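There are 2 protein chains.
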Amino acid sequence: MDVLGDPVRRRLVELLADGERSAGQLATAVGAEFGISQPAASRHLRVLREAGVVDSEPRGAVRLYSVRPEALDEVERWAHRVRRFWDGHLDALETEIARGRRRRDDD
Amino acid sequence: MDVLGDPVRRRLVELLADGERSAGQLATAVGAEFGISQPAASRHLRVLREAGVVDSEPRGAVRLYSVRPEALDEVERWAHRVRRFWDGHLDALETEIARGRRRRDDD
DNA sequence: GGGTTATATAACGCAAGGAGCATATAGGTA
DNA sequence: TACCTATATGCTCCTTGCGTTATATAACCC
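Each protein sequence line maps, in turn, to chains A and B.
To convert, take the position in the first sequence, counting from 1, and add 258; that gives this note's numbering.
To convert, take the position in the second sequence, counting from 1, and add 258; that gives this note's numbering.
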C-alpha cells in the first residue's frame, strides 16, 4: 500500500480504471501531466507491478497494463475498517456527552 | 492521501480507530513497534494533523488525538471508484473472451 | 517558584526515492 | 538482414523525508 503514496502512481492506477492501456499510452499521459520522461513512467509501472497493484501482459510489441482489483480491495477495506470503527465510537461518545457524563480520562 | 504512504502513520491512524489517544500513548506505541523516538512520532502526528487526517485537542497537560473520518472517506472512495470501474470492464472483457473473440488492439 | 511530565520544535545527518540521459532488448516490418 | 518502434534498465545526480539529539514551551504538583 506504500506504493500508492506517490501521485504519479495513483494517477496511473486511475488511468487504468477505465481499462487496459499500453505502457506507451500511460507514459504519454503522465508524462504530459507531471512532466516526466518515459523511463520515469516505466519505473513507476514497475513499482506498481512488483507491488501487485497492476498486471502486465505483452501484446505484440506493446505491453498492456491493467489494474488488479484485489490490490485496491485492500486499500478500501483498510479505510473502511478504520473509519467505521471510529464512527461507532463517535456515536458512543456522543451518547455519553448527551447524557452529560464527564469522561474521566486517566493515564 | 500521500501522507498514508508511511507505515508508521498508517499505524497511528489504526491506533486512533479505537478512539482518542494522547500523543504520549501514541508515541509509546509506535515507538515500541517501529523503534522510533518521541520526536519522530510527534512529527508523524504533525504530518497527519496538517493533512487533516487527524484532529488534536489539548486536554490539560495532555493532547488528545482523534481520527477525522472524512479524510478516510476520501481514501475509501478513491479505491472504490477505481476498483468498481475496472470490475465492470473486466466483466465485459471476460464475456468477449468467452465468445472466443479475439480482441483487435490498435489504439 | 522549582521541579517534573507531556509534547513540540530546531538543527542536522543520512539514506531512499525519483528524475534524467543513454542504452539495451525485443518485436514488427520492409 | 536492417531499421524502426515500444519498453525496460543502468548509472548518476539531487531532492525529499525520516531519524536522532538537544532544547523550548506549557501544564501540573509540591
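Even glycine gets a Cβ: it sits at the ideal position worked out from N, Cα and C.
None of the values given here were measured: they were computed from a predicted structure.
1) Is the Cβ of Gly263(B) closer than 9 Å to any Cβ of chain A?
2) Helix, strand or coil for Glu272(A)? Go by DSSP, reduced to three states.
3) Do you know how far the Cα of Ser324(B) is from the Cα of Pro316(B)?
4) Rounded to the nearest angstrom, how far is the Cβ of Arg269(A) from that of Leu262(A), given a contact under 8 Å?
5) Less than 6 Å between C-beta atoms, sequence neighbours within five positions excluded: which residues of the same chain meet that for Ala290(B)?
6) Of all the residues that make up the region 286-319 of chain B, which are near chain A by a beta-carbon distance shorter than 7 Å?
7) Could you give the DSSP three-state label for Glu315(A): helix, strand or coil?
8) Between Arg339(A) and chain B, is there a C-beta pair that is closer than 9 Å?
9) What in chain A is Cβ-close to Leu330(B), meaning under 7 Å?
10) Can we say the region 331-345 of chain B touches the region 326-340 of chain A, given the rule of at least three CB pairs closer than 8 Å?
11) Against chain A, does Val333(B) count as a neighbour if the rule is that its beta carbon must be under 9 Å from one of theirs?
12) Starting from the C-beta of Val288(B), find all residues in its chain whose C-beta is less than 8 Å away, skip the five residues before and the five after it, and write them out in chain order.
13) What's the gap between the Cα of Ala281(B) and the Cα of Ala319(B)?
14) Looking at chain B, is there any beta carbon in it that lies within less than 9 Å of the beta carbon of Arg321(A)?
15) Taking only beta-carbon atoms, is Leu284(A) less than 9 Å away from chain B?
16) Where are the beta strand (DSSP E) runs, 3 residues long or more, that stay fully inside the region 275-315 of chain A, in chain order?
17) With a CB to CB cut of under 8 Å and the five nearest residues on each side skipped, what residues in its chain are close to Arg326(A)?
18) What is the DSSP secondary structure of Arg321(B), reduced to helix, strand or coil?
19) Please decide whether Val266(B) counts as near chain A, where near means a Cβ-Cβ distance under 9 Å.
In terms of the structure at hand:
1) yes
2) helix
3) 11 Å
4) Actually they are not in contact, since the Cβ atoms of Arg269(A) and Leu262(A) sit about 11 Å apart, beyond 8 Å.
5) none
6) Arg317
7) Shown here, Glu315(A) sits in a strand according to DSSP, grouped into three states.
8) True, the Cβ-Cβ gap to chain B drops below 9 Å.
9) Ala337, Val340 and Arg341
10) yes
11) yes
12) Val266, Arg269, Leu270, Leu273, Ile294, Ala299 and His302
13) Near 11 Å, if we compare the C-alpha coordinates of Ala319(B) and Ala281(B).
14) no
15) For Leu284(A), the answer is no, since every Cβ of chain B falls outside 9 Å of its Cβ.
16) none
17) Excluding positions up to five away in sequence, the list reads Gly310, Val311, Val312 and Asp313.
18) strand
19) no
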